[in-house]
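K.L.:
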Amino acid sequence: MDIILGIDPGSRITGFGVIQTNGNRHQYITSGCIRTGQGSTAERLAQIHVDLQTILERYQPTQVSIEDVFVHHNPRSALKLGQARGTAMAACAIHALPVAEYSPRQIKQAVVGHGGADKDQVTHMITRLLALESAPQVDAADAPVSYTHLRAHETPE
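At position 157 of the sequence shown the residue is numbered 157 (the working numbering), and the sequence of numbers has no breaks.
1. Would residue 36 pass as a contact of residue 47 if the rule is Cβ separation under 7 angstroms?
2. Which residue comes first and which comes last in the alpha helix (DSSP H) that contains residue 52?
3. Identify the continuous alpha helix (DSSP H) that holds residue 82 and give its terminal residues.
4. In terms of residue numbering, what span does the beta strand (DSSP E) encompassing residue 114 cover?
5. In whole angstroms, what is the alpha-carbon distance linking residue 59 and residue 3?
6. With a threshold of 6 angstroms (Cβ to nearest heavy atom), would residue 17 be considered close to the ligand SAH?
7. Do residue 80 and residue 134 have their beta-carbon atoms positioned less than 7 angstroms apart in this structure?
8. When you compare the CB positions of residue 144 and residue 107, do they come within less than 7 angstroms of one another, or not?
9. Where residue 20 and residue 116 are concerned, what is the direct C-alpha to C-alpha distance, given to the nearest angstrom?
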């Protein structure tokens, strides 16, 4: 049995999703957001770190997957995203957890079947694949990052 934490980093909103897998059985545990507010960059990064430590301690994941940085048109935005991502990765490394990285295209491919899917298609499919009663909130729909990791490590039967 593995518990996989998926993280979609952001400097203002960092989404996360937790799923449990046992062979071919996959169960949604939770998803949510870390909202950092209006503080300085250092304060927002500290909030991401503190909140992720709480999530790591509460759900005790055995593996972590994180969305890779995609190139923005604005280099300043890409830098802030990279800082949030680095903070999240460091929080996981403190717990000696392996961190796998997936591009947005890989995540869409794993969940929907093609890398050009839009956010609504990904949300719809993750709701079906994990047998959720309703779709997760848009900002908290980061079970796809966890699911991508699960799919990447499945063994064919």
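Glycine is no exception: its CB is placed at the ideal position from the N, C-alpha and C atoms.
P.N.:
Result, derived from the coordinates:
1. yes
2. 41-59
3. 75-94
4. Looking at the DSSP string, residue 114 is not in any beta strand (DSSP E), and its letter there is neither H nor E.
5. 8 angstroms
6. Although the ligand SAH was asked about, the structure shown includes no ligands whatsoever.
7. no
8. yes
9. Answer to the nearest angstrom: the Cα atoms are 27 angstroms apart.
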